[in-house]
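Chemist: Submitted below is the structure of interest, expressed as structure tokens.
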Amino acid sequence: MTISKKIIGSYVVVLALLVLVTSVAFYALNQTQATYNRFLNVDERLLEAANELRSVTFAQQTYVRGMLLYPELHQVNQGLLEANDRQFKLIFERMRGLTDTAQNDLLEDLETLQQQLEQAQQQAVRLALEKKTEEAIAYTIKEFRPRSIALIEKAKRFYEQQAKLLEKGRIELAEKVNSYTLTLIIAALFAIIVGLTIATHLSRAITRELRENIAQLSSSSAEILATTTQVASSAAETAAAVSETTATVEEVKQTAQHASQKAKYVSDSAQKASNVSQAGRRSVEEALHVMHRIREQMGSIAESIVQLSEQSHAIGQIIATVNDLAEQSNLLAVNAAIEAARAGEQGKSFGVVAHEIRSLAEQSKQATGQVRTILGDIQKATNVAVLATEQGNKAVEAGVKQSSETDEAIRLLSASINEAAQAATQIAASSHQQMVGMDQVAVAMNNIKEASEQNVAGTRQAELAAQGLHQMGVRLRLLVGGKDFHTD
């Protein structure tokens, strides 16, 4: 059963006892009031009616005597007698309404005597009105007076009897009041004893339960306090770790920004290398086209050896052109070697190609020198022109082959450089995305840091609340247990 139910049950019992005591007191008060009202409304009024009956009877004697002694006042006394008769009737009506069955016989005797007295009065009055004064006096002395005295005596006995009943009723009322008072005192003492017993039992039961619950509350609050202290310490350590992580993330963010910038620079460089490779490829294609033209021209020389001397001047121009091409190829090879060295590991193959191109340019210069020698020889001796033409065709074929290989190598190098440029572009995009992600991570870590700080503050508040709860439990234990309990 819960404490509230026990308290409610105890209050119900105490209230029931109070209702019982109140009911007894109310009953005793009603009985006392009823008896007192009977004294006032019945017994006292009966005593008054008995006194009035005696007074009216004495007045009747006086009025009859006046009828006999004062003839001149007959009408006045007769009117007074009639009023007196009505007074008799009113008194008897009031007495009949107040008396009970035990008093009806006495009241009937009084009414019988009054009726007889009224008859004697009427007879005496009649004789006095007939001027028979002596007979009226004699009848009054003989009949009216004894009956009047008897009615007075009867009314006196009624008064005395009613006075005895009134005194007896007062004694009984006093005894009832004493009995009711004693009963009320006993009921009150019983209610007090029962209430004290219930209060003692309830206090013990509630105190015992409160001690158990408060002990459990104190133990739980101590555990909660220890747990909240640990949580607060852990939250503080977590907040410090989050702060360090936030600083680290900020450093990583700065590193990511630098990496993104470097990746962009590499992407731009790769794009420039791709453009240069495209230009080199176009130059090689042009050289290859020139070599094809040389081969065609050498064929024409072979076919038109007769016209060789006439076209020696044109051959000199072609040799100059080839020499220029060799110079340009040499310059292109130097630039390609520089770009290959700048490209690093990915430019090694391109450096080999540049070296080959340079070798080809040197060979082209050598071939030009040979052509010049051959031209001199042609000019000196036409008879050896065929041999020189064949050697020229072979040199041209070799140049075409070298140019084709160079074109293929430059095409592969251009494709590699394009792939490298695309990869660098992707790396730059990835670096940018990584930097954006690091920004988001930095924002998230700042949010986590703020949440950790709020968590630390909330944990501190919980720790303070747990301390307050623990102190409240200790105070309750002191209030309930007294010396049986001690603070932790």
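When we follow my numbering, the leftmost residue of the sequence shown carries the number 533, and every step to the right adds one.
Glycine is no exception: its CB is placed at the ideal position from the N, C-alpha and C atoms.
The structure displayed is predicted, hence computed values, not measured ones.
Would you report the Cα separation of Q748 and G1000, rounded to the nearest angstrom?
Modeler: Distance between the alpha carbons of Q748 and G1000: 16 Å.
Chemist: Within 10 angstroms of its Cβ, does R679 collect 16 or more other Cβ (buried), or is it exposed?
Modeler: buried
Chemist: Between R1007 and I756, what straight-line distance do the alpha-carbon atoms span, to the nearest angstrom?
Modeler: 17 Å
Chemist: Out of L864, E877, Q902, E995, point me to the one whose CA is closest to I847's CA.
Modeler: Ranking the options by Cα distance to I847, first place goes to Q902.
Chemist: With a threshold of 16 other CB atoms inside 10 Å of the CB of I540, please say whether the residue is buried or exposed.
Modeler: exposed
Chemist: For Q878, tell me which candidate among S946, A989, A997 has the shortest Cα-Cα distance.
Modeler: S946
Chemist: What is the DSSP secondary structure of K537, reduced to helix, strand or coil?
Modeler: helix
Chemist: I believe R827 touches V932 by the beta-carbon criterion, under 8 Å. Please report the beta-carbon distance rounded to the nearest angstrom.
Modeler: 6 Å
Chemist: Between R628 and chain E, is any beta-carbon pair separated by less than 7 Å?
Modeler: Of the protein chains in the structure, only one exists, and it is not chain E.
Chemist: From the DSSP output, in three-state form, read off T729 for me.
Modeler: helix
Chemist: Under DSSP, the alpha helix (DSSP H) around L613 begins and ends at which residues?
Modeler: 606-630
Chemist: Can you give the Cα-Cα distance for Q648 and R702, rounded to whole angstroms?
Modeler: 36 Å
Chemist: Relative to the C-alpha of F722, which residue among A768, V551, E675, G883 is closest?
Modeler: V551
Chemist: Just tell me which of Q829, A819, N807 has its CA closest to the CA of E871.
Modeler: Nearest to E871 by C-alpha distance, out of Q829, A819, N807, is N807.
Chemist: So for Y602, helix, strand or coil by DSSP?
Modeler: coil
Chemist: If we count the other Cβ atoms within 10 Å of its Cβ and call it buried at 16 or more, is E650 buried or exposed?
Modeler: buried
Chemist: So for K700, helix, strand or coil by DSSP?
Modeler: helix
Chemist: What residue range does the alpha helix (DSSP H) around E667 cover?
Modeler: Element bounds for E667: 665-671.
Chemist: Taking just the CA atoms, how far does L857 sit from A893?
Modeler: 8 Å
Chemist: Assuming D939 contacts E817 (C-beta within less than 8 Å), just tell me the rounded distance between them.
Modeler: 6 Å
Chemist: Specify the secondary structure class of D1020 as computed by DSSP and reduced to three states.
Modeler: Its pLDDT being 49, under 50, D1020 is placed unreliably in this model, and the value from its coordinates should be taken loosely. D1020: coil per DSSP, three-state reduction.
Chemist: Helix, strand or coil: which one does DSSP assign to Q662?
Modeler: As written in the sequence, residue 662 is Glu, which differs from the Gln given in the question. Coil at E662, not helix or strand.
Chemist: Going by the beta-carbon positions, is the gap between Q694 and L579 smaller than 7 Å?
Modeler: yes
Chemist: Report the CB separation of S750 from G1005 in whole angstroms; it is logged as a contact under 8 Å.
Modeler: With 8 Å as the limit, S750 and G1005 qualify as a contact, their Cβ atoms being about 4 Å apart.
Chemist: Pull up the CB-CB distance for S936 and L864, whole angstroms please, since I reckon it's below 8 Å.
Modeler: Cβ-Cβ separation between S936 and L864: approximately 17 Å, too far for a contact (criterion under 8 Å).
Chemist: Cβ of R577 within 7 Å of Cβ of L630?
Modeler: yes
Chemist: For A720, which residues from the same chain have a beta carbon less than 6 Å from its beta carbon, with the 5 sequence-adjacent residues on both sides left out?
Modeler: V553
Chemist: Could you give the distance in angstroms between the alpha-carbon of A994 and the alpha-carbon of K981?
Modeler: 19 Å
Chemist: Using beta-carbon positions only, say whether F620 and E643 come within less than 7 Å of one another.
Modeler: no
Chemist: Within its chain, find whatever has a CB closer than 7 Å to the CB of L659; leave out the 5 residues flanking it on each side and keep chain order.
Modeler: E667, A668, Y671
Chemist: On the CB-based measure, 16 or more other CB atoms within 10 Å of its CB, does Y595 come out buried or exposed?
Modeler: buried
Chemist: For Q1003, which option in S891, A852, S752 has the closest C-alpha, if you only look at C-alpha atoms?
Modeler: S752
Chemist: In whole angstroms, give me the CA-to-CA distance for T853 and H845.
Modeler: 13 Å
Chemist: Please name the residue, chosen from Q829, N583, M627, T787, that lies closest to G924 on a Cα-to-Cα basis.
Modeler: Q829
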